[in-house]
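Just so you know, we're using numbering that gives the first Met the number 0 here: the sequence shown kicks off at 0 and counts up by one.
Report on the structure given below.
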Amino acid sequence: MALTERQHLLAQTIDKWVIAIEANGGDEEEMLTKAWSQSTTFKELLDTCTQEQMNELCEEYEGFYAYAKLMEMLAQGIHDGTIEVPPDN
Numbered sequence: 000m001a002l003t004e005r006q007h008l009l010a011q012t013i014d015k016w017v018i019a020i021e022a023n024g025g026d027e028e029e030m031l032t033k034a035w036s037q038s039t040t041f042k043e044l045l046d047t048c049t050q051e052q053m054n055e056l057c058e059e060y061e062g063f064y065a066y067a068k069l070m071e072m073l074a075q076g077i078h079d080g081t082i083e084v085p086p087d088n
């Protein structure tokens, strides 16, 4: 299935965001502390893309790949317990 224009635009939004952080000397730690600002955009892509489409976006947009990889590492850390999540209040 071909990617839609909206899916490309969403990936480009994240890509440009990451590139801007890196251009200003930021790193993964800064991305992580600000990642919430892109979470809705990323979630929409997760909800509308197949795994193959996500892979295609990662190949096309380096900044998007960096963000997706960071989110994958975060999710894995939460899953395996190396990252603790505070309890709900």
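All C-beta atoms in this analysis are idealised placements derived from N, C-alpha and C, irrespective of residue type, glycine included.
Asked: Rounded C-alpha distance that separates A34 from A67; Found: 10 Å
Asked: Where I18 sits in the DSSP three-state scheme; Found: helix
Asked: 8 Å Cβ cutoff met for I20 and Q37; Found: no
Asked: Cβ-based burial, M0 [other Cβ within 10 Å; buried from 16]; Found: exposed
Asked: Through-space distance from Q52 to L44, alpha-carbon basis; Found: 9 Å
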